[in-house]
Amino acid sequence: MPTSTKDYYETLGVPRDADEKVIKKAYHNLAMEWHPDRNKSPEAGERFKEIATAYAILKDPQKRARYDLQGMEGVAHYTSEDLFGGLDLGNIFGDMGFGFGGGSIFDRMFGSRTARPQHGQDLRVQIEIPLEMVNEGGRQEVGVSHPAACSLCHGYGTKSGTPPPLCKSCNGSGRKVSTRDQSEGKQQIKIQQINVCPHCHGKGTEITDPCPTCGGYGQVEKEETIKVTIPAGIEDGVVLRVAGHGLPGDGPDISPGDLHVVVTTRSDGRFQRRGADLWRAETITVPDAVLGTTRTVPGLGDNLALTIPPGTQPDAIIQLKGKGLPRFRGNGRGDINIRIQVHVPDTLSKKERKLYEQLRELTDTDFKK
Ligand SMILES: [Zn+2]
Ligand SMILES: [Zn+2]
């Protein structure tokens, strides 16, 4: 639910390592300043909302940890229920002198239970694609299994397929509000506690005659095969978004989330991929390194001729320019890089030994100079 693009620490004007006390104090001061009952400027409502949301997240160690780790993304799924349900508002507003009549400030700010997420949660799957697919791009099938709205009851969970009646316990609000008086010194303050309705668990509705297909859950497991378009040269870790194929919304009138497909390259016996470049090792003999030779190496598609020049050193890299993968969001292609390894024989025939000894006699004198 939180939509602010501002940093919550900035909103409250506290350092990132601020303790609970500091956060609470900062919140108090700002809430006093921006409470729409006191501050009549047009932006007061929006500011107050930001301040309250920042406080709800930073005061809760778990939510704060998620925010620190993942930023907005880590807390975006929280509903106003998650943020403000169970928060002891009395402690915040009781001593500020704001009344509670006519619904709490939070109901007015966020709407009560109706402030639910605009769409279902996003779903994430990972796929591996072969080098050929990276090279050419194309369509790839992705199999996903996820809950989806039950088609028999249209997601309502009722046998009739129509919206279920309101929960009698909470009258559809999904919350239980309890108020008690508490004296602090000479002052008498009201403590208001809002909890999720234990009867309907915050849903606000009650299913008496459940749908036989989904058992009242409103959702069934659905297997889908989705075709995604892979752009040529796609880099490892790129996320392709398929709108509307994520988890269903929390109710029939809320659209589903998106499917996020994380694409990685399948490991390949021929090459190692580094961006648009491909790497491969070729092992040659000592005479080949000395005298030079030619080789046939695999390419993307046709095999390629590799010329190893005379005097090639171990670990030399020979580039086959432009024979690699297409550059993602760029022009042209990468290279195929061949790292040359020289095999030094550890067993020799009599004849070979003799030749190497002759070779040594020849080269020794030159080399030692
Ligand atoms: Zn209820
Ligand atoms: Zn159903």
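Using this note's numbering, read the sequence shown as starting at 170 and increasing by one per residue.
From the three backbone atoms N, C-alpha and C, an ideal C-beta is built for every residue, glycine too.
Asked: From the DSSP output, in three-state form, read off G272 for me.; Found: Low confidence applies to G272: its pLDDT is 44, below 50, so where it sits in the model is not reliable, and the reading given next is rough at best. Note: G272 maps to coil in three-state DSSP.
Asked: Would a C-beta distance cut-off of 7 Å place L494 and G402 closer than the cut-off?; Found: yes
Asked: How about Q388 and A450: do their beta carbons lie closer than 7 Å?; Found: no
Asked: Can you list, in chain order, the residues of its chain whose CB lies under 6 Å from that of T331, leaving out five sequence neighbours each side?; Found: none
Asked: From D515 to D457, what does the alpha carbon distance come to, in whole angstroms?; Found: 17 Å
Asked: If I'm right that T374 touches G341 with Cβ under 8 Å, what's the distance once you round it to whole angstroms?; Found: 7 Å
Asked: Apart from the five residues just before and just after N260, which ones in its own chain have a Cβ nearer than 8 Å to its Cβ?; Found: Residue confidence for N260 is low, a pLDDT of 46 falling below 50, so the modelled location carries little weight; the figure read from the coordinates is stated next. Correct list, in chain order: I360.
Asked: For the structure I just gave you, are there three or more beta carbon pairs, one from the stretch 289-298 and one from the stretch 367-383, closer than 8 Å?; Found: no
Asked: Can you give me the Cβ contacts of R185 inside the same chain, cut-off strictly under 6 Å, excluding the 5 residues immediately before and after it?; Found: Y178
Asked: In its own chain, which residues sit with a C-beta less than 7 Å from the C-beta of G263, not counting the 5 before and 5 after it?; Found: Because the pLDDT of G263 is 42, which lies under 50, any placement of that residue in the model is unreliable, and the number read from its coordinates should be weighed accordingly. Cβ within range, chain order: I358, K359 and I360.
Asked: Do you know offhand how far H315's Cα is from Y247's?; Found: 21 Å
Asked: Verify the contact flag: T374, CB atom, against every heavy atom of ligand 2, threshold strictly below 6 Å.; Found: no
Asked: At a cut of 8 Å, does the stretch 297-313 reach the stretch 337-353 through at least three beta carbon pairs?; Found: no
Asked: Just to confirm before moving on: does the CB-CB distance between C366 and S338 stay below 7 Å?; Found: yes
Asked: May I ask you to report which of helix, strand or coil DSSP gives K194?; Found: helix
Asked: Determine, using beta-carbon pairs with one atom in the stretch 232-246 and one in the stretch 201-218, whether at least three such pairs fall under 8 Å.; Found: no
Asked: Which residue spans inside the stretch 485-525 form an unbroken beta strand (DSSP E) run of at least 3?; Found: 486-489 and 505-512
Asked: For the candidate residues Q295, M302, G385 and R293, whose alpha-carbon lies nearest to that of S329?; Found: G385
Asked: For T382, verify whether its CB is less than 6 Å away from any heavy atom of ligand 2.; Found: yes
Asked: Whole angstroms are fine: how far does the CA of G501 sit from the CA of A195?; Found: 55 Å
Asked: Using the DSSP secondary-structure output, state which residues sit across from T374 in a beta bridge.; Found: L335
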